[in-house]
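Q:
Protein chains in written order, with this note's numbering: chain L, 5 to 292; chain C, 11 to 164.
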């Protein structure tokens, strides 16, 4: 199949109209076109390029949090002072996507819609309580990222829906966060196993915790048992150990060329502990 | 069916006719006729095809040419000033950063992008920055030395 129609949308309305007519969107091309080049898939017959739509660009901080336009690149995320200081786990994740070419072209919206269980930014966006806005010709709806992924490559978004915004609420004071992955090389890599932790500490106690696992289940998802092990604790070694064990227990990894299920499960505990330790030390204002 | 488009490569506007699914690399090499950029893996892994799109790096094998309409495309042919090589190109030659030459166009573009965003990188930052560009000859040392030798000088 070859591409028989290509339009460049200049507004969200244009793009949504094209999607209603059966076109598929392309922004940075780092999944769609790469997938076609590597033979994993073919290019869609009808494509709408959304990369010129100004209203889908940029990061904006407000009193109630941070709005990321879906065209925000990984490079822009890592360069943002707001992300680095208040949403550090997201900066951790964006900084290790692909190479600098991938980060310059690849977008957060594309990363979410591609829905890889191993993608880097998903865990942080879920743990910060992120929501996305989906717009179609029929209207607009908001979906919590907790409920967004349905399986490898699958989301609740329907064919005519365009992701038009990602919203993260403002984190509480004394919140720290971290994302890290098990990797075989430092760049041009995807997570063998990944973990995100977002924790809030007050008076020596953990008052809020979000923990998510990456490349350990059909979708990136939170591990409530790990969060329960942390909340109310002193954030000491015992609680961290229990949270790591909870992640390993919740993991349902696959075996593939990058690692066996058993190896992934064993490493899940280690990577989760390290992410939690890093998030706690950031929450306490220690060097990280 | 081919569509008419204009691609601006190294400051020159080229009117072209392209299939909608044509990649930027195929358009620049086969239609515009600038063959400095190479096709290595054709899968966005090796960086041999790397170009700049409005100053930012792109693996051109995996980018649709029609998306580049309206952007400034820079290839290795655009780095030199006539017969005068860019300092980075000279450094590659002097430091042994070139052997077979296949990765060199992408390496030069990648290093140009790196230095544009981080003018005085550490060796570790250079190695990280160039990690999307594979070289099978040099062992990377000459390339890293070349980039470091011009770092901080602009």
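Where a beta carbon is used, it is the ideal one built from N, C-alpha and C, also for glycine.
Let me know the secondary structure DSSP gives residue 122 of chain C once reduced to three states.
A: For the purposes of this step, residue 122 of chain C is identified with residue 112 of the second chain, where counting begins at 1. Helix.
Q: Strictly below 8 Å CB to CB, what residues from chain C border residue 57 of chain L?
A: Your numbering for residue 57 of chain L matches position 53 in the first chain. Ordered by position in chain C, no residue passes the 8 Å Cβ test against residue 57 of chain L, which lies about 12 Å from the chain.
Q: Given residue 115 of chain L, which residues of its chain have a CB within under 7 Å of its CB, disregarding the five upstream and five downstream residues?
A: Translated into positions along the first chain, residue 115 of chain L becomes position 111. If we look at residue 115 of chain L and ignore the five residues flanking it on each side, its Cβ neighbours are 123 and 125.
Q: Mind checking if residue 200 of chain L is an interface residue toward chain C, Cβ cutoff 9 Å exclusive?
A: Translated into positions along the first chain, residue 200 of chain L becomes position 196. Answer no: the Cβ-Cβ gap between residue 200 of chain L and chain C never drops below 9 Å.
Q: Comparing the C-beta of residue 114 of chain L with each C-beta of chain C, is any distance below 9 Å?
A: Along the first chain, read from residue 1 onward, the residue named residue 114 of chain L stands at position 110. Not an interface residue.
Q: Near residue 184 of chain L, which residues of its chain fall below 8 Å by C-beta distance, leaving aside the five closest residues on each side in sequence?
A: On the first chain, position 180 is the one that residue 184 of chain L refers to. Result list for residue 184 of chain L: 96, 198, 199, 275, 278, 279 and 282, in chain order.
Q: Between residue 47 of chain L and chain C, is any beta-carbon pair separated by less than 9 Å?
A: Here residue 47 of chain L refers to the residue found at position 43 of the first chain. In terms of beta-carbon proximity, residue 47 of chain L lines the interface with chain C, with at least one pair separated by less than 9 Å.
Q: As a quick exercise: from C:110, C:52 and C:123, pick the residue whose alpha carbon is nearest that of residue 86 of chain C.
A: Numbered from its first residue, the second chain carries residue 86 of chain C at position 76. When only C-alpha atoms are compared, the closest one is C:123.
Q: Can you list, in chain order, the residues of its chain with a C-beta nearer than 6 Å to that of residue 72 of chain L? Leave out the 5 residues immediately preceding and following it.
A: The residue given as residue 72 of chain L occupies position 68 in the first chain. Within the same chain, residue 72 of chain L has close Cβ partners 63, 112 and 170.
Q: What are the boundary residues of the beta strand (DSSP E) that includes residue 69 of chain C?
A: Locating residue 69 of chain C in the second chain gives position 59, counting from the first residue. 66-69 is the extent of the beta strand (DSSP E) around residue 69 of chain C.
Q: Please decide whether residue 68 of chain C counts as near chain L, where near means a Cβ-Cβ distance under 9 Å.
A: Residue numbering aside, residue 68 of chain C sits at position 58 when the second chain is read from its first letter. With 9 Å as the cut-off, residue 68 of chain C counts as an interface residue toward chain L.
Q: How long is the line joining the alpha carbons of residue 160 of chain L and residue 39 of chain L, rounded to whole angstroms?
A: Taking the first residue of the first chain as position 1, residue 160 of chain L is located at position 156. Taking the first residue of the first chain as position 1, residue 39 of chain L is located at position 35. Pairing residue 160 of chain L with residue 39 of chain L, the inter-Cα distance amounts to about 21 Å.
Q: Going along the chain, which residues of its own chain have a beta-carbon closer than 7 Å to the beta-carbon of residue 154 of chain C, five neighbours each way excluded?
A: By 1-based counting over the second chain, the position of residue 154 of chain C is 144. Only 133, 136 and 137 meet the Cβ criterion.
Q: Do you know whose CA, among L:154, L:186, L:79 and L:223, lies nearest residue 254 of chain L's CA?
A: Taking the first residue of the first chain as 1, we reach residue 254 of chain L at position 250. With distances taken between Cα atoms, residue 254 of chain L lies closest to L:223.
Q: Kindly indicate which three-state DSSP category residue 187 of chain L falls into: helix, strand or coil?
A: What you label residue 187 of chain L is simply residue 183 of the first chain in a count that begins at 1. If DSSP states are grouped into helix, strand and coil, residue 187 of chain L belongs with coil.
Q: The alpha helix (DSSP H) with residue 24 of chain C in it runs from where to where?
A: In the second chain, the residue the question calls residue 24 of chain C occupies position 14. Run containing residue 24 of chain C: none in the alpha helix (DSSP H); it sits in the beta strand (DSSP E), 22-28.
Q: Please decide whether residue 117 of chain C counts as near chain L, where near means a Cβ-Cβ distance under 9 Å.
A: Reading the second chain from its first residue, position 107 is the one you call residue 117 of chain C. Not one chain L Cβ lies under 9 Å of residue 117 of chain C.
Q: Using CA atoms only, rank isn't needed, just tell me which of C:47, C:44 and C:51 is closest to residue 41 of chain L.
A: Working through the first chain from its first residue, we reach residue 41 of chain L at position 37. Measuring from the Cα of residue 41 of chain L, the nearest candidate turns out to be C:51.
Q: Please name the residues in the stretch 72-97 of chain C whose beta-carbon is closer than 9 Å to at least one beta-carbon of chain L, in chain order.
A: Against chain L - using a Cβ distance shorter than 9 Å - the residues of the stretch 72-97 of chain C are 72, 73, 74, 76, 77, 79 and 80.
Q: What would DSSP say about residue 138 of chain C, mapped onto helix, strand or coil?
A: Along the second chain, read from residue 1 onward, the residue named residue 138 of chain C stands at position 128. Helix.
Q: I need the straight-line Cα distance from residue 287 of chain L to residue 107 of chain L, nearest angstrom please.
A: Taking the first chain and counting its residues from 1, one reaches residue 287 of chain L at position 283. Taking the first chain and counting its residues from 1, one reaches residue 107 of chain L at position 103. The alpha-carbon atoms of residue 287 of chain L and residue 107 of chain L are separated by roughly 27 Å.
Q: For the alpha helix (DSSP H) containing residue 81 of chain L, name the first residue and the last one.
A: Locating residue 81 of chain L in the first chain gives position 77, counting from the first residue. Where residue 81 of chain L is concerned, the enclosing alpha helix (DSSP H) stretches over 78-83.
Q: Need the endpoints of the alpha helix (DSSP H) that residue 130 of chain L sits in, please.
A: For the purposes of this step, residue 130 of chain L is taken as the residue at position 126 of the first chain. 126-131 is the span of the alpha helix (DSSP H), which, as asked, contains residue 130 of chain L.
Q: Cβ closer than 9 Å: which chain L residues qualify as neighbours of residue 123 of chain C?
A: Here residue 123 of chain C refers to the residue found at position 113 when the second chain is read from its first residue. Per Cβ cutoff of 9 Å: 104, 105 and 108.
Q: Just checking: is the beta-carbon of residue 33 of chain L within a distance shorter than 9 Å of some beta-carbon in chain C?
A: Within the first chain, the letter at position 29 stands for residue 33 of chain L. Closer than 9 Å: yes.
Q: For residue 158 of chain L, I'd like the list of residues in its chain whose CB is within less than 7 Å of its CB, leaving aside the five on either flank, ordered along the chain.
A: Here residue 158 of chain L corresponds to residue number 154 of the first chain, with the count starting at 1. Excluding residues within five positions, the ones whose Cβ falls inside 7 Å are 119.
Q: Answer yes or no: do residue 216 of chain L and residue 128 of chain L have a C-beta to C-beta separation smaller than 9 Å?
A: The residue labelled residue 216 of chain L in the question sits at position 212 within the first chain. The residue labelled residue 128 of chain L in the question sits at position 124 within the first chain. Result yes, Cβ atoms of residue 216 of chain L and residue 128 of chain L sit closer than 9 Å.
Q: Just grab the DSSP bridge partners of residue 62 of chain C for me.
A: The sequence position of residue 62 of chain C within the second chain is 52, counting from 1. C:67 and C:84.
Q: Who are the near neighbours of residue 26 of chain C in its chain, counting only those whose CB is closer than 6 Å to its CB and skipping five residues on each side?
A: Here residue 26 of chain C refers to the residue found at position 16 when the second chain is read from its first residue. Closer than 6 Å at the Cβ level, and outside the excluded window around residue 26 of chain C, lie 15, 17 and 41.
Q: Alpha carbon to alpha carbon, what distance is there between residue 256 of chain L and residue 163 of chain L?
A: As a working mapping, residue 163 of chain L is identified with position 159 in the first chain. As a working mapping, residue 256 of chain L is identified with position 252 in the first chain. In a straight line, the C-alpha of residue 163 of chain L is about 29 Å away from that of residue 256 of chain L.
Q: Ignoring anything shorter than 3 residues or poking outside the stretch 28-65 of chain L, list the beta strand (DSSP E) runs there in chain order.
A: 28-30 and 50-53
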